[in-house]
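Protein chains: 2
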Amino acid sequence: MIETYIHEKGKIIETKLEDYLNHYREVPDRLYQSMKYSLMAGGKRLRPILVLATVEACDKPEELAYPLACAIEMIHTYSLIHDDLPCMDDDDYRRGKLTNHKKFDEATAVLAGDALLTEAFTLMSKGVRAAKLSFDDSLAIIEETAKHAGAFGMIGGQMDDLLSEDKQITVEELEAIHRRKTGDLIAFSVRTGARIGGASEEALTSLTQFAYRLGLAFQIQDDILDIIGDPELIGKPVGSDQENLKSTYPSLLGLEESQQLLARLTYTAKEELLKTTELNPQRLLDIADYLLTRKR
Amino acid sequence: MIETYIHEKGKIIETKLEDYLNHYREVPDRLYQSMKYSLMAGGKRLRPILVLATVEACDKPEELAYPLACAIEMIHTYSLIHDDLPCMDDDDYRRGKLTNHKKFDEATAVLAGDALLTEAFTLMSKGVRAAKLSFDDSLAIIEETAKHAGAFGMIGGQMDDLLSEDKQITVEELEAIHRRKTGDLIAFSVRTGARIGGASEEALTSLTQFAYRLGLAFQIQDDILDIIGDPELIGKPVGSDQENLKSTYPSLLGLEESQQLLARLTYTAKEELLKTTELNPQRLLDIADYLLTRKR
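Protein sequence lines correspond, in order, to chains A and B.
Under this note's numbering, the first residue of the first sequence is numbered 212, with each subsequent residue one higher.
Under this note's numbering, the first residue of the second sequence is numbered 212, with each subsequent residue one higher.
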């Protein structure tokens, strides 16, 4: 059962994140508490789980991947803390809990985000050793982190997202934003798993295509849940996108067409994965199906 | 003449920074402009110059060190952008120019800082290749970046600095703040130069001790210039620390004792450097003397 797998791997990731956080007990307590608050605030742990599932698809033991998987979750968490700031999306709640700057204050939230991003590279460095990667693969992972999480990737996507506020944008522009804002880190998760698993260039390409489609489907589902989701399950009120006049897939395409696009993207994502015979892809296929029907 | 050296090396660093910035022309223009604005806003370029001078002290060609030196300047610049934010030190001017969030806006400033930090690791990664470092030295540099710029280092120092506002603190507490907030990145600059130069553990230790003393002296001089400096030269009004009730060396020790401490620290910094016979330290000694008498 994929639900069981996701639940169990999520627990493992949380245990590992707590272990790594313990190294930071000696930093200023407010900073430590703030980093811990957001990192341990729940969430689906999708990105680290994708790392583990990809390593499994390459028939390698997932234990090799724990530090790198956790490093990616730290980068994801830092991006949420900064995106929630008053000067950005100005959100008071995330996953049913106060956002970091509401729980602490803005300065602490900026610094906790900065620290999680910086310390992710400490963990990356430990991670490439733990995974016994070659020098070239190790540097490739550090470079890809920056590429996917940096100005060309996640940060650039957030910048364009902010610039598109209160503006009419096209579906292509919306896709270009989400490809970077969400897709890049999801693709990086899968690519990191692939490198740990020793995948060929061909398999790496298939996995990357799979991940970008999955990432886009994930974002469309987010947009849909903001309309028809259960506020209890998604941890925030529904209708906030519409209230904030945000361009979303349903606002540009309508709800029904968005649901069709979601299903189509999930299907083509899975197809990409089956293009290579090198992988053992069942878990990743199941994750794609699971995300298609997620309620939170 | 050390002034000539500093001027010339500063120019080289600026040319290199512009080269690296050119890679970012394709990112969202507002993000690119904002990164460029702060990175090219002048400044003493002390940290990258220390990298180059340390490589020279190890009798290796400085060209090896350009990417890593520039990466450290990017980290320094990101920290200034975030420190200037309204929720932090709330500064409108730096080096006589509008701060990043005043020139652009807060969201852009947060993202430009995030991007400079993230992209510094891209450049680190290129840098360890350019410097032909071993796998172990390369990972050590990535780990040390995070250690000096992260929660244990620069970010932790800024957190404690914010927490000490409007509070009476001791000279020891002030030193502990500056050791992390300023000293760590200066020490990291010298340590990076030493690794590129292939320095022994003994020389690395001497250089590190030199750098922490130099970093503290640098901070004390900053505090002194805020009282007796020329506003034209330092690019901001004098007396702002006193106005903001900030704990500084002069406020805790008095001006005269601070000046004596500055001279003593510079002297012991230089002594540290002379403890090893392995180095060719003249340039670093000259830089220490130069900083002692700087007017900006």
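Cβ coordinates follow ideal geometry from the N, Cα and C atoms, glycine included.
Can you tell me whether residue i sits near the ligand NAD, meaning its C-beta is under 6 Å from at least one heavy atom of the ligand?
| i | result |
| --- | --- |
| M251(A) | The ligand NAD is not part of this structure, which contains no ligands at all. |
Any beta carbon from chain A within less than 7 Å of residue i's own beta carbon?
| i | result |
| --- | --- |
| T288(B) | no |
| D371(B) | yes |
| P239(B) | yes |
| I353(B) | yes |
| S249(B) | no |
| T487(B) | no |
| F315(B) | no |
| T333(B) | yes |
Using a 10 Å radius around the Cβ and a threshold of 16 neighbouring Cβ atoms, would you call residue i buried or exposed?
| i | result |
| --- | --- |
| R236(A) | exposed |
| V382(B) | exposed |
| E413(A) | exposed |
| I439(A) | exposed |
| H218(B) | exposed |
| L473(B) | buried |
| T226(A) | exposed |
| S458(B) | buried |
| Q430(B) | buried |
| M365(A) | buried |
| K481(B) | buried |
| E197(A) | Coverage of chain A is limited to positions 212 through 507, which leaves residue 197(A) absent and any answer about it impossible. |
| P461(B) | buried |
| S451(B) | exposed |
| K222(B) | exposed |
| L475(B) | Checking the sequence, you will find Arg at residue 475(B) rather than Leu. When all chains shown are included, R475(B) counts as exposed. |
| E274(A) | exposed |
At a CB-CB cut-off below 9 Å, which residues of chain A make contact with residue i?
| i | result |
| --- | --- |
| V321(B) | H293, L296, C298, M299, V321 and G324 |
Starting from residue i, follow its DSSP beta bridges and name the residues at the other end.
| i | result |
| --- | --- |
| K227(B) | Paired residue(s): none; K227(B) is not in a bridge. |
| Y304(B) | L309(B) |
Residues of chain B with CB under 7 Å from residue i, in chain order?
| i | result |
| --- | --- |
| A318(A) | C298, M299 and L373 |
Can you find a CB in chain B that lies within less than 7 Å of the CB of residue i?
| i | result |
| --- | --- |
| T310(A) | no |
| Y235(A) | yes |
| G254(A) | no |
| F346(A) | yes |
| S458(A) | no |
| T403(A) | no |
| F363(A) | yes |
Find the residues of chain B that neighbour residue i, judging by a C-beta separation of less than 9 Å, and give them in chain order.
| i | result |
| --- | --- |
| I435(A) | Neighbours of I435(A) on chain B: none; closest Cβ ~27 Å, over 9 Å. |
| R340(A) | L350 |
| F399(A) | By Cβ distance, chain B contributes nothing, its closest Cβ being about 12 Å from F399(A), past 9 Å. |
Run through chain A and tell me which residues come within less than 8 Å of residue i, C-beta to C-beta.
| i | result |
| --- | --- |
| L328(B) | D325, L328 and T329 |
Can you pull the chain A neighbours of residue i, defined as C-beta to C-beta under 7 Å?
| i | result |
| --- | --- |
| G367(B) | V238, P239 and L242 |
| A360(B) | T329 |
| F429(B) | Simply none; closest approach about 22 Å. |
Mind listing the chain D neighbours of residue i? Cutoff is C-beta to C-beta under 8 Å, in chain order.
| i | result |
| --- | --- |
| S336(B) | No chain D appears in the structure shown, which is made up of the protein chains A and B. |
* To do: Could you tell me whether the region 417-425 of chain B touches the region 302-312 of chain B, where touching means 3 or more Cβ pairs closer than 8 Å?
  => Touching, no, given that fewer than three Cβ pairs across the two stretches are closer than 8 Å.
* To do: Answer yes if the region 283-302 of chain B comes into contact with the region 236-256 of chain B, meaning at least three C-beta pairs across the two stretches below 8 Å, and no otherwise.
  => Yes, the region 236-256 of chain B is in contact with the region 283-302 of chain B.
* To do: Examine the Cβ distances between the region 328-341 of chain A and the region 306-320 of chain A and report whether three or more of them are shorter than 8 Å.
  => Contact fails: fewer than three Cβ-Cβ distances are below 8 Å.
* Asked: Would you call the region 397-406 of chain B and the region 367-387 of chain B touching, i.e. three or more CB-CB distances under 8 Å?
  -> At 8 Å Cβ cutoff, the stretches do not touch.
* Would you check if the region 490-501 of chain B and the region 260-280 of chain B touch, i.e. whether three or more CB-CB distances between them fall below 8 Å? => Touching, yes, given that three or more Cβ pairs across the two stretches are closer than 8 Å.
* So, do the region 235-249 of chain B and the region 325-336 of chain B have three or more beta carbon pairs nearer to each other than 8 Å? -> When Cβ pairs closer than 8 Å are counted between the two stretches, the region 235-249 of chain B is seen to touch the region 325-336 of chain B, the count reaching three or more.
* To do: Please determine if the region 267-283 of chain A and the region 404-411 of chain A are in contact, where contact requires at least 3 C-beta pairs separated by less than 8 Å.
  => Contact holds: three or more Cβ-Cβ distances are below 8 Å.
* Asked: Below 8 Å, can you find three or more Cβ-Cβ pairs linking the region 366-377 of chain A to the region 237-249 of chain B?
  -> Yes, the region 366-377 of chain A is in contact with the region 237-249 of chain B.
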